[in-house]
Amino acid sequence: MILKTRNKPPDIFQLASLLYRTPNVHPQFLYWTEKLRRITAGYHGELRVDSLWHEIELPLPHYFIHDLFIQKEMSSHQIDSILITSRFVLALEIKSISGLLNFDPHLRQFSRTNKDGSIDGMNNPDDQLRRHEKWLEQFLFQQRIKLPVIGAIIFTYPSSVIQSRAGNRIIIQSSGLPHLMEQLLTRHPREVLSKKKTEALAHKLLEHHSIKPLAPMGLSSSFVKGILCPICPSLPLNYRRGKWRCEVCVHCDPLAHLGALSQYRTLVKTTISNREFREFTGIHSVVTASKLLKSANMPFNGSYKDRIYFIPELIEGTESI
């Protein structure tokens, strides 16, 4: 049973919004493009692993929690997937990395050798998983439950070639997940918890989940403002007769400002005033801006002149970039 599904990382929309409003000559454009590619590839790799569970028969009480985020006072844990069973707890660190991969268990380094011979140093997934395992063990100790905690690193690309391993760490290609589960079920044949206690444990773990905060990136003068035409992206739309209209391709959309509000939220800040809305969208009329803001049905504080609107994470009527 899936207690928590995997959601698309909000970083994807944030970076897509950023690139949508950034000229490609910006010095950070290629960096942001590559970052978006990596996050998107990681998300799709996690989804591929999620789909594999449908092919695996688990003849024991079990619960899935995907993308668990735990905020601590001075640190945090983001665990890609957790499988809570009546016999063990399995934590997965899912990586979508291609190339020749090397773990150095002595220096605690992890690196990738590319086709051109260049080497990229990366965060060591073995160390990341060790942190998660330790936290899960402490959590189980607090619950007075003696279940083994098992961590596994899963690579989603067939082009990932492991040259040196991380000690005894379980490291597999995603296609080997069914075989791994067969091995774990054989190694751990004893039922430690009843179905009721397994379910209670999974729900207790889920209570620690919180939404990962996403810091707005802020706008600078180099970013393009306005409601941009999806067909002619460099051209702003004009608001006339209740619709946003492109003067070149005749595209029109009565709700285009809602998408702009979502972009403003992720790029600048989570609140907006009438003046800020006009500056961002290019509307000159205070009255028109007020009508559009009211029509978005956003919560607000203040009187008419100093009203501040709170932009929700999801605005009805918006579409992805």
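In the numbering used here, the protein residues as written are 223 to 543.
All C-beta atoms, glycine included, are put in the ideal place defined by N, C-alpha and C.
Helix, strand or coil, according to DSSP, for residue i in the structure here?
| i | result |
| --- | --- |
| I376 | strand |
| Q250 | coil |
| L456 | According to the sequence displayed, residue 456 carries Ser and not Leu. Of the three classes helix, strand and coil, the one that applies to S456 here is coil, per DSSP. |
| S544 | Nothing in the structure corresponds to residue 544, since the chain is present only between 223 and 543. |
| I394 | strand |
| K417 | helix |
| K226 | strand |
| L166 | Since the first residue of the chain shown is 223 and the last is 543, residue 166 is not available in this structure. |
| I261 | helix |
| H431 | coil |
| I278 | coil |
| H284 | strand |
| L436 | coil |
| R243 | coil |
| G389 | coil |
| R409 | helix |
| Q232 | The question names Gln, yet the displayed sequence has Pro at residue 232. Here P232 sits in helix by DSSP. |
Using the beta-carbon count (16 or more within 10 Å), is residue i buried or exposed?
| i | result |
| --- | --- |
| Q350 | buried |
| D289 | buried |
| S437 | The displayed chain sequence assigns Ala, not Ser, to residue 437. A437 is exposed by the Cβ-count criterion. |
| I304 | buried |
| G339 | exposed |
| P411 | exposed |
| D342 | exposed |
| Y526 | exposed |
| F499 | buried |
| Q364 | exposed |
| G264 | buried |
| D180 | In the structure as shown, the chain begins at 223 and stops at 543. Residue 180 is therefore absent and cannot be evaluated. |
| P281 | exposed |
| S308 | buried |
| L459 | buried |
| V470 | exposed |
| L329 | exposed |
| L415 | buried |
| R487 | buried |
| P396 | Checking the sequence, you will find Ser at residue 396 rather than Pro. The residue is buried, with at least 16 neighbouring Cβ atoms inside 10 Å. |
| Q236 | buried |
| G373 | buried |
| H276 | exposed |
| Q165 | With the chain running from 223 to 543 in the structure shown, residue 165 is simply not present. |
Please check the pair residue i and residue j, which I expect to be a contact at CB under 8 Å, by giving their CB distance rounded to whole angstroms.
| i | j | result |
| --- | --- | --- |
| L240 | W254 | 6 Å |
| F502 | T244 | Between T244 and F502 the Cβ distance is about 15 Å, and since that is not below 8 Å, they are no contact. |
| S386 | F325 | 5 Å |
| L483 | C468 | No, L483 and C468 are not in contact; Cβ-Cβ is about 19 Å, not under 8 Å. |
| G267 | T378 | 3 Å |
| I533 | I494 | 6 Å |
| V508 | N519 | That belief does not hold up - the Cβ atoms of V508 and N519 are roughly 20 Å apart, past 8 Å. |
| P476 | G464 | 6 Å |
| C316 | V271 | Here residue 316 is Ile; the residue named in the question, Cys, does not match the sequence. Rounded, the Cβ-Cβ distance is 5 Å, consistent with contact. |
| L402 | I394 | 6 Å |
| I261 | P231 | 6 Å |
| G321 | N345 | That belief does not hold up - the Cβ atoms of G321 and N345 are roughly 15 Å apart, past 8 Å. |
| K226 | H431 | 7 Å |
| Y285 | A422 | In fact, because the Cβ distance is near 10 Å, the residues do not count as touching under 8 Å. |
Considering only heavy atoms of the ligand NAP, does any lie closer than 6 Å to the CB of residue i?
| i | result |
| --- | --- |
| H354 | What this structure holds is no ligand at all, so the ligand NAP is not there to describe. |
Opposite residue i in the DSSP bridges: which residues?
| i | result |
| --- | --- |
| I537 | Paired residues: none, contrary to the question. |
| Y531 | I494, F522 |
| I304 | I287, A313 |
Less than 7 Å between CB atoms is the rule here; does residue i satisfy it with respect to chain C?
| i | result |
| --- | --- |
| D475 | The structure shown contains no chain C; it holds only a single protein chain. |
Contained alpha helix (DSSP H) runs [length at least 4] in the segment 306-387, N- to C-terminal order
347-364
Unbroken alpha helix (DSSP H) runs of length 4 or more, entirely within the segment 444-528: which are they?
478-489, 496-503, 508-517
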